[in-house]
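Asker:
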Amino acid sequence: MAPFAPRTHDAAAIRMKQIVIGNQSRTIRRLRAKLATERRDVDRRISQMVEAKKEHKSNQVDLEASHTTIVGLNEIGLCMSKKIERMKAKKQQARESHLECHQNESFQWQNMAGNRRSDSNNGGEGSSNSEAGLSREDLMAIATIVATTLQGLVNTNISQAPPPIPPPHGTKYYYKSLRKNRAPLSMGTMTTKLPRPG
1 MAPFAPRTHD
11 AAAIRMKQIV
21 IGNQSRTIRR
31 LRAKLATERR
41 DVDRRISQMV
51 EAKKEHKSNQ
61 VDLEASHTTI
71 VGLNEIGLCM
81 SKKIERMKAK
91 KQQARESHLE
101 CHQNESFQWQ
111 NMAGNRRSDS
121 NNGGEGSSNS
131 EAGLSREDLM
141 AIATIVATTL
151 QGLVNTNISQ
161 APPPIPPPHG
171 TKYYYKSLRK
181 NRAPLSMGTM
191 TTKLPRPG
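If you use UniProt numbering, the sequence shown corresponds to residues 1 to 198, in order.
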């Protein structure tokens, strides 16, 4: 039985080598699986970082747009406040000027009423005093007010007046109105007598 001992020893050695090789193969497969898992984890993290970077960039763009919008709204608000302040100032100035004009008119009318009363009390001798009491600017202002009132009355009367009566056919006023392409205002404006018929 001595010759079979080396074969048994060789077989045992081969068997041990096969076991070691199998263990190494399983270790390699386990390491490969772990490496693949880690690669997938790394790829997922890389994709998450890329998405986070894209989201950060979009958020930055939105933030810049919001900042620009806020700046524009602030400028619009400042412009509107300035316009409102100017409008308030103009309104206050117009109110003050209107009040001043009203006070001046009231003062002028009071002076006129006082002068009229003094004229009536003095028997007509207060006209020169009233003229001396009013300045040239006051007289011009009163004349302007009176002229404006008269112009308004004249315009009202003209707008409400009936149409003018045309002159009789065959008179020189008739032919004159034809030449001027307009009729005279009324028959009362004729100063020349009409020619007698026949």
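Don't be surprised by glycine CBs; every beta carbon is placed ideally from N, CA and C.
1. Kindly list the residues whose CB is nearer than 8 Å to the CB of Leu99, restricted to its own chain and excluding five residues on each side of it in sequence; keep chain order.
2. Express the C-alpha separation of Lys57 and Met49 in angstroms, rounding to a whole number.
3. Is the segment 94–112 touching the segment 68–84, taking contact as three or more C-beta pairs under 8 Å?
4. Can you grab the Cα-Cα spacing for the pair Arg26 / Gln60, in whole Å?
5. Going straight from the alpha carbon of Thr144 to that of Trp109, what length do you get?
6. How many angstroms separate the CA atom of Lys91 from the CA atom of Gly114?
7. Taking the straight line between their C-alpha atoms, what separation do you get for Met75 and Glu137?
8. If you draw a straight line from the C-alpha of Ala33 to the C-alpha of Arg40, how long is it?
9. Can you give me the C-alpha to C-alpha distance between Ile46 and Gly22, rounded to a whole angstrom?
10. Roughly how many angstroms separate the alpha carbons of Ala52 and Ile28, rounded to a whole number?
11. Does Leu63 come within less than 9 Å of chain B when only Cβ atoms are used?
Answerer: Looking at the coordinates:
1. Excluding positions up to five away in sequence, the list is empty.
2. 12 Å
3. no
4. 50 Å
5. One C-alpha to the other measures close to 14 Å.
6. Roughly 34 Å separates the two Cα atoms.
7. Note that residue 75 corresponds to Glu in the displayed sequence, not to Met. If you take the alpha carbons of Glu75 and Glu137, they lie about 47 Å apart.
8. Separation of Ala33 and Arg40 (C-alpha to C-alpha, rounded to the nearest whole angstrom) is 11 Å.
9. 35 Å
10. 35 Å
11. Protein chain content of the structure displayed is limited to a single chain, and chain B is not contained in it.
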